[in-house]
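Have a look at the structure below, then the notes.
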Amino acid sequence: MKQKLILLIICIFTVFLSSCGVNSPDEVQDNTKGSQTTGGVQALFASKSFSSFEDFEEHEKSAGDNGVTYYYVPSSPEPDYKLSKISKKDDTYVLIEYSAASVDLSSENLSEYDRERLQTLICRYSLYADGKKALEENFITQGYKAVEYEGKTYYRSDEHAENDPTKRVIGYEIAFLENGDLIFMHLPAVDTFENMMKYTNLVKVEIK
Numbered sequence: 003m004k005q006k007l008i009l010l011i012i013c014i015f016t017v018f019l020s021s022c023g024v025n026s027p028d029e030v031q032d033n034t035k036g037s038q039t040t041g042g043v044q045a046l047f048a049s050k051s052f053s054s055f056e057d058f059e060e061h062e063k064s065a066g067d068n069g070v071t072y073y074y075v076p077s078s079p080e081p082d083y084k085l086s087k088i089s090k091k092d093d094t095y096v097l098i099e100y101s102a103a104s105v106d107l108s109s110e111n112l113s114e115y116d117r118e119r120l121q122t123l124i125c126r127y128s129l130y131a132d133g134k135k136a137l138e139e140n141f142i143t144q145g146y147k148a149v150e151y152e153g154k155t156y157y158r159s160d161e162h163a164e165n166d167p168t169k170r171v172i173g174y175e176i177a178f179l180e181n182g183d184l185i186f187m188h189l190p191a192v193d194t195f196e197n198m199m200k201y202t203n204l205v206k207v208e209i210k
């Protein structure tokens with residue numbers, strides 16, 4: 003009887019953790035700099051992943067008040083990048099991840115994680131009502147520097163291999179406002195910053 007009671011308490015505690023979750027630093031700060039885009043108990047239970055835009059949109063149509071009515075995508079990622087997955091966390095973000103169609107990293111002495119970052123393009127749309135405030139709190143105060151590109155202000159922070167500023171840049175981290183919405187992008191540093199900025203030209207997709 004005592005063993006059954008202990009087992010019941012463990013089960014209840016496990017369910018409690020599943021429902022409450024534990025925020026990873028990226029989820030708290032709403033950015034993806036320097037770590038995986040998913041992780042921890044919170045991500046396992048609160049985020050949802052989709053392999054196609056069609057599946058994602060159908061889910062959002064049936065999600066009621068939790069569904070989004072639009073999202074953002076880079077205007078022309080193909081043929082350089084192919085859709086890898088779409089992640090959605092209610093009231094927090096819609097994250098679209100692309101993988102490089104072909105990148106030769108044979109000459110690069112990098113960890114598996116850094117190689118992955120060099121082959122991954124990320125576009126993350128935050129679902130906060132006040133995008134300007136979120137930009138200030140999550141990026142500007144974290145050291146992102148203002149840069150001007152084609153008449154628009156972006157906030158940039160470069161990601162280095164092994165998080166070591168003396169090593170090569172593996173990603174350009176960009177945060178900016180689009181129609182008042184906060185956008186974060188990880189642009190893999192396989193080309194110059196200016197050339198990779200073409201992927202920040204976004205299309206707003208309405209879910210109908």
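Here the sequence shown is numbered in our numbering, starting from 3 and rising by one per residue. Beta carbons are placed, not taken as given, at the ideal position from N, Cα and C, and that holds for glycine.
Should residue i and residue j be called a contact, given that it needs their Cβ atoms to be closer than 7 Å?
i: Tyr-151; j: Ile-176; result: no
i: Ser-128; j: Tyr-174; result: no
i: Ser-77; j: Asn-203; result: yes
i: Val-75; j: Glu-62; result: no
i: Ala-191; j: Val-171; result: yes
For residue i, which residues in the same chain have their Cβ closer than 6 Å to its Cβ, ignoring the five residues on either side in sequence?
i: Ser-51; result: Lys-87 and Ser-89
i: Tyr-130; result: Ala-136
i: Lys-169; result: His-162 and Ala-163
i: Met-199; result: Tyr-151
i: Phe-58; result: Phe-52 and Ile-88
i: Asp-92; result: Asn-68
Residues bridged to residue i by DSSP?
i: Met-187; result: Cys-125 and Ile-176
i: Asp-295; result: Residue 295 falls outside the range modelled here, since the chain spans only 3 to 210, and no answer is possible.
i: Val-149; result: Tyr-156
i: Pro-76; result: Leu-204
i: Val-96; result: Lys-90 and Tyr-127
i: Ala-102; result: Tyr-83
i: Lys-50; result: Lys-90
Is residue i buried or exposed, if buried means 16 or more other CB atoms sit within 10 Å of its CB?
i: Asn-181; result: exposed
i: Ser-49; result: buried
i: Asp-132; result: exposed
i: Glu-99; result: buried
i: Thr-194; result: exposed
i: Lys-134; result: exposed
i: Asp-183; result: buried
i: Asn-111; result: exposed
With a CB to CB cut of under 7 Å and the five nearest residues on each side skipped, what residues in its chain are close to residue i?
i: Lys-210; result: none
i: Ile-142; result: Tyr-157
i: Tyr-72; result: Lys-206, Val-207, Glu-208 and Ile-209
Spatial neighbours of residue i within its chain, please: C-beta separation below 8 Å, excluding the five flanking residues on both sides.
i: Ile-124; result: Thr-34, Thr-39, Leu-97, Ile-98, Glu-99, Tyr-100, Phe-186, Met-187 and His-188
Can you find at least 3 beta carbon pairs, one from the region 157–176 and one from the region 108–123, that sit closer than 8 Å?
yes
Whether or not the region 100–108 and the region 72–86 are in contact is what I'm after, with contact meaning three or more pairs of Cβ atoms, one per stretch, closer than 8 Å; do they touch?
yes
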